[in-house]
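Trainee:
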Amino acid sequence: MFKVGFIGLGIMGKPMARNVRKAGYGLIVYDRNASTLETFRKEGTEIAANGREVAEKSDVVITMLPNSPHVASALFDKDGIAEGLRAGQTVIDMSSINPVASKEFYSRLKERKVDFLDAPVSGGEPGAIEGTIAVMVGGDKPVFDKYYDLLMTMASSVTYIGPAGCGNITKLANQMIVAVNISVLSEAYVFAKKAGADPKLVFEAIRKGLAGSKVMEQKSPKIFSGDYDPGFRIELHIKDLQNVLDTAHTDNISVPFSAAAMEILQSLKADGLEKKDHSAIVKYFEKINNAKVIG
0 MFKVGFIGLG
10 IMGKPMARNV
20 RKAGYGLIVY
30 DRNASTLETF
40 RKEGTEIAAN
50 GREVAEKSDV
60 VITMLPNSPH
70 VASALFDKDG
80 IAEGLRAGQT
90 VIDMSSINPV
100 ASKEFYSRLK
110 ERKVDFLDAP
120 VSGGEPGAIE
130 GTIAVMVGGD
140 KPVFDKYYDL
150 LMTMASSVTY
160 IGPAGCGNIT
170 KLANQMIVAV
180 NISVLSEAYV
190 FAKKAGADPK
200 LVFEAIRKGL
210 AGSKVMEQKS
220 PKIFSGDYDP
230 GFRIELHIKD
240 LQNVLDTAHT
250 DNISVPFSAA
260 AMEILQSLKA
270 DGLEKKDHSA
280 IVKYFEKINN
290 AKVIG
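Note that the numbering used here has the sequence shown beginning at 0, numbered continuously upward.
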């Protein structure tokens with residue numbers, strides 16, 4: 000088995016790393032949060048002082064970080080991953096970042112004879128804990144084949160999409176759908192409430208029909224309970240949609256629904272809700288309609 004290095008032990012990375020360990024792979028981890036590292040040390044996992052040490056002591060390095068600059072820093076800053084890499088190693092970046100950055104990292108690491116996969120995920124914290132996330136992968140197909148089993152320790156599906164950057168193109172498409180889906184779901188519940196129907200009963204009536212979706216199943220309970228503790232923070236969805244808009248601008252693509260969803264999320268950020276789960280999108284529609292879904 001490969002020895003795996005894992006960098007980035009946040010909401011998603013922590014359970015993903017644990018699933019790798021549970022599958023029997025050797026594991027060494029690093030995160031800037033000292034208390035998180037201490038938790039892993041107490042669980043019996045080897046911890047590193049920096050990214051360089053992770054690379055030196057592993058065969059493959061997985062990164063799970065917030066955005067492109069964080070990945071670039073982890074890779075190429077002083078004591079970063081690149082300083083410890085050897086020819087023939089692989090970096091698998093599971094962060095959701097701009098596909099242009101993924102292509103750049105692929106090229107820079109290829110110059111060092113190091114392979115790179117962009118392998119962002121979907122499924123949120125529950126999927127990361129349960130090992131049921133979906134992974135979408137860009138890079139060289141033989142490298143994907145080599146690490147397929149490793150990726151499956153964290154996932155229920157792992158799909159090869161195409162060359163470097165294609166994983167993150169797919170993830171951005173996913174985030175477009177999720178943002179618009181939660182938005183119209185929220186709009187529909189506020190509409191139902193203000194028009195005189197019980198939103199919970201509306202949910203029960205339509206959940207098994209054509210309008211039903213995984214988004215509806217996962218986010219409706221949070222909307223009805225008012226529990227906006229993050230599985231996926233609004234500020235991260237803003238980041239993803241900004242990457243959508245940047246990519247669309249570069250490639251001359253019109254994305255009006257994604258642009259509208261971005262405006263909704265930015266409004267919620269202005270109201271101080273950026274740390275909340277994106278199910279709090281409902282609060283935008285409650286505010287503009289002077290109505291509450293529940294209560």
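Quick reminder that beta carbons are idealized off the backbone N, C-alpha and C, glycines included. Note that the structure is predicted; figures quoted are calculated from it, not measured.
Report back the beta-carbon spacing between Gly-7 and Met-63 to the nearest angstrom; my notes put them in contact at under 8 angstroms.
Mentor: About 4 angstroms; that satisfies the 8 angstroms criterion.
Trainee: By DSSP, does Ile-10 sit in helix, in strand, or in coil?
Mentor: The answer is coil: DSSP assigns Ile-10 none of H, G, I, E or B.
Trainee: For Val-53, which residues from the same chain have a beta carbon less than 8 angstroms from its beta carbon, with the 5 sequence-adjacent residues on both sides left out?
Mentor: Answer for Val-53: Gly-4, Phe-5, Ile-6, Ile-27, Val-28, Tyr-29, Ala-47, Val-60, Ile-80, Gly-83, listed in chain order.
Trainee: By DSSP's criteria, Tyr-29 is part of a beta bridge. Which residues make up the other side?
Mentor: Bridge partners of Tyr-29: Ile-6.
Trainee: Give me whichever residues DSSP pairs with Arg-232 in a beta bridge.
Mentor: Answer is Asp-276.
Trainee: Are Phe-284 and Glu-186 close, meaning C-beta to C-beta below 8 angstroms?
Mentor: Going by C-beta atoms, Phe-284 is nearer than 8 angstroms to Glu-186.
Trainee: Buried or exposed: where does Thr-169 fall if 16 or more other Cβ atoms within 10 Å of its Cβ makes it buried?
Mentor: So Thr-169 ends up on the buried side.
Trainee: Check the C-beta distance from Val-99 over to Ala-118 and give it rounded, since I have them as a contact under 8 angstroms.
Mentor: Not a contact, Cβ separation roughly 17 angstroms.
Trainee: So does the segment 204–221 actually touch the segment 176–185, counting three or more Cβ pairs closer than 8 angstroms?
Mentor: Short answer: they touch.
Trainee: Are there 16 or more other CB atoms within 10 angstroms of the CB of Asp-148, so buried, or fewer, so exposed?
Mentor: With fewer than 16 other Cβ atoms within 10 Å, it is exposed.
Trainee: With respect to the beta strand (DSSP E) encompassing Ser-156, which residues constitute its N-terminal and C-terminal limits?
Mentor: Note, Ser-156: beta strand (DSSP E), 154–161.
Trainee: Assuming Ala-154 contacts Gly-130 (C-beta within less than 8 angstroms), just tell me the rounded distance between them.
Mentor: Ala-154 to Gly-130, Cβ: 7 angstroms. Contact.
Trainee: Compare the beta carbon distance of Ser-253 and Met-175 with 8 angstroms and say whether it is the shorter of the two.
Mentor: Cβ atoms of Ser-253 and Met-175: not closer than 8 angstroms.
Trainee: Output yes or no for whether 8 angstroms exceeds the beta carbon distance between Leu-240 and Ala-260.
Mentor: Cβ distance < 8 angstroms, so Leu-240 and Ala-260 count as in contact.
Trainee: If Asp-58 sits next to Phe-1, beta carbons under 8 angstroms apart, how far is it from one beta carbon to the other, in whole angstroms?
Mentor: Asp-58 to Phe-1, Cβ: 4 angstroms. Contact.
Trainee: Short check: CB of Arg-206 to CB of Glu-273, under 8 angstroms?
Mentor: No, the Cβ-Cβ distance between Arg-206 and Glu-273 is not below 8 angstroms.
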